[in-house]
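There are 2 protein chains.
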Amino acid sequence: MKRKITLKQIAKELDVSISTVSKALRNSIEISEDTRQKVQAFAKLYNYRPNNIALSLKNRKTKTIGIIIPEIVHHFFSKVITGIELVANKRGYNVIVGLSNESFDKEVINMQMLANGSIDGFILSIAKETLQQQDYHHFTETINQGMPIVMFDRVVNEIPCDKVIVDDVKGAKQAVEKLIKNGCKNIAIISTKDYVSVGKLRTQGYLDALEDHKITPKASLILKIEDKLMSDDHLDKLEKEIEQLFQSNKSIDGIFAVNELYAVTAIKVARKLGLEIPKSLQVISFSDGVLSKHSTPSLTTVSQHGQEIGEEAANLLINRLESEETDYNDETDEVYETVVIETNLIERESTKN
Amino acid sequence: MKRKITLKQIAKELDVSISTVSKALRNSIEISEDTRQKVQAFAKLYNYRPNNIALSLKNRKTKTIGIIIPEIVHHFFSKVITGIELVANKRGYNVIVGLSNESFDKEVINMQMLANGSIDGFILSIAKETLQQQDYHHFTETINQGMPIVMFDRVVNEIPCDKVIVDDVKGAKQAVEKLIKNGCKNIAIISTKDYVSVGKLRTQGYLDALEDHKITPKASLILKIEDKLMSDDHLDKLEKEIEQLFQSNKSIDGIFAVNELYAVTAIKVARKLGLEIPKSLQVISFSDGVLSKHSTPSLTTVSQHGQEIGEEAANLLINRLESEETDYNDETDEVYETVVIETNLIERESTKN
DNA sequence: ATAAGTTGCGAAAACGTTTTCGTGTTAAAA
DNA sequence: TTTTAACACGAAAACGTTTTCGCAACTTAT
């Protein structure tokens with residue numbers, strides 16, 4: 009079990025100083041051609057690589073990005089990670105992942121674990137519990153300690169940081185407009201409770217679309233699901249709630265769901281009730297997961313472009329990290345950007361065309 | 009932009025030495041009650057936390073696990089990560105994720121980036137390209153440098169390391185036996201080319217089941233898909249291949265697919281051809297992704313227990329890391345474990361019961 | 001009053017780098 | 001031959017910790 013070789017060992021072996029070895033490896037002109045070659049040959053032979061940790065300590069930066077997300081078994085979030093990793097790697101950074109599991113405490117703990125020098129900055133999407141409790145002190149503290157944060161998707165405005173979001177209102181509105189244009193007269197929405205920011209925004213888009221078309225929203229057509237029902241264990245409960253919706257509104261001919269699961273479940277229930285899709289019921293869902301493409305009928309969706317969001321977030325963060333380096337006029341601008349990624353409607357089989 | 013506070017700053021502020029501060033914070037008995045309180049109060053006030061990087065350098069271990077997987081937008085792999093993260097966090101470790109994107113080069117690069125001190129050990133699943141080229145030098149090198157590896161799912165026997173796998177042969181065999189028991193007379197398999205180890209093994213299980221029941225396998229019932237067709241871009245090509253399978257074997261009444269996508273695609277094609285599921289065609293698939301549960305009909309699957317695999321792998325790795333600490337009799341046993349996670353059959357709508 | 005033991009703290013090394021500065025040697029210039 | 005410049009290298013500091021060791025200043029026992 010040989011440890012990795014260090015400068016010190018090379019120096020000793022070659023009977024020169026550590027500084028000489030270091031310089032030789034970095035092709036410093038201070039070192040004679042002779043020794044340089046000797047050192048480099050030896051280093052290559054022993055496959056020397058500078059120790060990252062030592063470099064991090066010396067440079068006071070780790071070239072590592074911390075990601076905190078609510079869960080990873082989720083198409084959207086894993087797409088985002090893919091995007092982050094892509095540009096992070098391209099720009100010489102690693103990513104370290106923490107899962108909050110939608111829990112406030114785990115979010116805090118995870119951030120503390122990473123904030124103590126392990127990373128240079130955060131990219132995160134806020135846990136539902138945190139959104140519910142509206143306790144954001146861990147974010148402000150992190151930022152106050154000079155560690156930049158980029159939030160995506162689930163963001164809160166009161167935190168001063170860069171953000172990457174999709175225009176949930178607009179995306180939802182477009183979806184509902186599509187349903188209207190396709191002749192739907194009674195469009196229901198299946199959303200989450202309002203504390204989930206995106207649920208609220210998408211509901212807003214739904215309402216906006218109706219208003220624009222002089223349709224009076226009916227409370228009975230707005231179903232707000234308690235979020236715990238997302239987990240597979242509560243699938244039957246989710247189905248019941250949706251069935252209830254259909255039963256008490258026989259004339260529903262359009263469904264806008266804020267996520268895939270709600271959409272496919274709605275379709276399943278609707279079919280059981282004898283509705284034909286898209287003939288007598290058209291469905292559009294937010295999200296661009298695997299279900300949309302491969303379920304039958306495939307779903308018309310508002311695509312969120314998760315990977316693009318990740319790429320954008322990573323660029324935002326790294327730009328900030330690397331501008332700080334040169335920026336010696338601290339305390340100045342502190343101006344933050346909010347990038348909006350455009351959604352687009354992907355038409356599939358669950359709507360008429 | 010205040011930096012995080014350090015021992016040195018506290019020491020200066022309180023006019024004691026760095027050592028005193030350090031000891032006071034760790035409740036050393038060397039320090040008087042008085043100063044200890046003073047230091048701790050001050051540290052708390054300024055929210056002092058020891059710098060992880062400095063600790064890593066000093067202790068020569070990072071308490072961080074490196075994960076290298078082919079892709080993250082994949083139910084199985086993200087489940088595994090969830091499992092790894094769960095036990096890693098519980099045991100005081102972080103996880104840092106690298107994606108190989110199924111590419112040999114990216115796998116190598118990623119491992120090199122992390123192996124230079126950033127992590128204490130690897131958990132990984134091998135990229136398809138690597139399996140194809142059968143070039144494993146980066147694994148052996150890493151291991152030779154004293155960094156333990158745990159492989160899962162896609163493993164190779166010639167590398168001396170701990171492994172966590174599912175019994176692919178057995179799982180596949182059970183699935184096919186279920187089909188046989190359910191009355192299927194002409195069972196086809198949709199698998200991958202043999203260089204994907206799990207594809208090969210599952211095909212073996214298929215053959216074993218047939219043999220056990222005195223059924224002569226027919227080459228025309230064995231479809232081995234070129235793996236590039238996994239990506240959504242080639243979906244139509246995949247469909248064509250499967251359609252071909254059905255067209256040239258009209259009597260197929262059972263399908264065993266090695267992954268979800270193949271299964272749902274097969275179902276889609278079969279329906280187009282007028283087959284009813286599960287009445288005239290029964291389907292079983294490996295994998296426990298989201299498609300299985302939510303597509304219609306839902307899929308009967310061989311569940312792989314991704315999260316459990318992740319948990320097991322993390323425990324294996326951390327155990328090894330922490331046994332090394334005490335184990336000063338190096339060079340000894342070097343005995344590695346291969347843990348087999350049992351699969352089980354989850355019956356849903358795509359088979360009769 | 002002296003020897004011995006206790007208490008409380010600081011200096012310094014170590015982890016592995018990079019970089020600044022100093023210095024001895026040799027070669028070129030005066 | 002002396003002065004100056006170029007060259008090649010080493011010592012040391014710094015990043016932020018923890019820990020070993022040493023050493024004063026007391027306190028207790030003789």
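These protein sequences, in sequence, are chains S and L. Count along the first sequence starting at 1, add 8, and that's the number in this note's numbering. Count along the second sequence starting at 1, add 8, and that's the number in this note's numbering. The beta-carbon is built from N, C-alpha and C at its ideal position, and this holds for glycine as well.
For the beta strand (DSSP E) holding residue i, just list the boundary residues, first then last.
i: Gly207/S; result: Run containing Gly207/S: none in the beta strand (DSSP E); it sits in the alpha helix (DSSP H), 205-220.
i: Leu132/L; result: 129-132
i: Leu5/S; result: What the structure shows of chain S is the stretch from 9 to 361, and residue 5/S is not part of that stretch, so it cannot be assessed.
i: Ser295/S; result: No beta strand (DSSP E) contains Ser295/S, which DSSP labels as neither H nor E.
So for residue i, helix, strand or coil by DSSP?
i: Lys360/L; result: coil
i: Met159/S; result: strand
i: Val103/L; result: strand
i: Thr72/L; result: strand
i: Leu283/L; result: coil
i: Ile164/S; result: Reading the sequence as shown, one finds Val at residue 164/S and not Ile. Coil, per DSSP.
i: Lys193/S; result: coil
i: Ile39/S; result: coil
i: Val343/L; result: coil
i: Asp261/S; result: coil
i: Ser199/L; result: strand
i: Val266/L; result: coil
i: Thr308/S; result: strand
Sorted by chain position, which residues of the same chain lie with C-beta nearer than 7 Å to residue i's C-beta, five sequence neighbours on each side aside?
i: Ser86/S; result: Ile80
i: Lys186/S; result: Ile292, Leu353, Thr359
i: Lys16/L; result: Ile26
i: Tyr101/L; result: Lys71, Thr72, Ile73, Ile326
i: Ser256/S; result: Ser228
i: Ile13/S; result: Tyr54, Tyr56
State buried or exposed for residue i, treating a residue as buried only when at least 16 other CB atoms are found within 10 Å of its CB.
i: Ala196/L; result: buried
i: Glu342/S; result: exposed
i: Pro168/S; result: exposed
i: His82/L; result: buried
i: Asp261/S; result: buried
i: Asn67/S; result: exposed
i: Ile37/S; result: exposed
i: Asn165/S; result: exposed
i: Ala123/S; result: buried
i: Asp128/S; result: buried
i: Ser205/L; result: buried
i: Tyr56/L; result: buried
i: Val272/S; result: buried
i: Tyr336/S; result: Because Tyr336/S carries a pLDDT of 48, less than 50, the predicted location of this residue cannot be relied on, and the following value inherits that uncertainty. Exposed, by the Cβ-count rule.
i: Val310/L; result: buried
i: Asp143/S; result: exposed
i: Arg11/L; result: exposed
i: Gly213/S; result: buried
i: Asn361/L; result: exposed
i: Ala49/S; result: exposed
What first and last residue would you give for the alpha helix (DSSP H) that runs through residue i?
i: Leu364/S; result: Look at the range of chain S in this structure, 9 to 361, and you will see that residue 364/S is not part of it.
i: Lys245/L; result: 243-256
i: Ala180/L; result: 176-189
i: Val29/S; result: 26-33
i: Ala96/S; result: 83-98
i: Lys114/L; result: 112-123
i: Gln312/L; result: Element bounds for Gln312/L: n/a, residue is neither H nor E.
i: Leu139/L; result: 136-141
i: Lys363/S; result: Since the first residue of chain S shown is 9 and the last is 361, residue 363/S is not available in this structure.
i: Ile80/L; result: Note, Ile80/L: premise wrong, no alpha helix (DSSP H); not H, not E.
Excluding five sequence neighbours on each side, which residues of the same chain lie with their C-beta closer than 8 Å to the C-beta of residue i?
i: Asp202/L; result: Lys208, Thr211, Lys232
i: Asn109/S; result: Pro78, Glu79, Ala135
Please determine whether the Cβ atom of residue i lies at a distance below 8 Å from any heavy atom of the ligand SAH.
i: Val116/S; result: You won't find the ligand SAH in this model; it holds no ligand whatsoever.
If you drop the 5 nearest sequence neighbours on each side, which residues of the same chain put their C-beta closer than 6 Å to that of residue i?
i: Gly314/S; result: Phe84, Lys87, Val88
i: Ser259/L; result: Asn194
i: Ala322/L; result: Ile92, Val95, Ala96
i: Val29/S; result: Leu15, Ile18, Ala19, Val47
For this session: Would you check if the region 39-49 of chain L and the region 25-39 of chain S touch, i.e. whether three or more CB-CB distances between them fall below 8 Å?
Result: no
Exercise. Are there three or more Cβ pairs, one per stretch, closer than 8 Å when the region 142-160 of chain L is compared with the region 168-177 of chain L?
Worked result: yes
Exercise. Is the region 275-287 of chain S close to the region 247-266 of chain S, with three or more CB pairs under 8 Å?
Worked result: yes
Exercise. Just checking, does the region 100-113 of chain L make contact with the region 298-307 of chain L on the three C-beta pairs under 8 Å criterion?
Worked result: no
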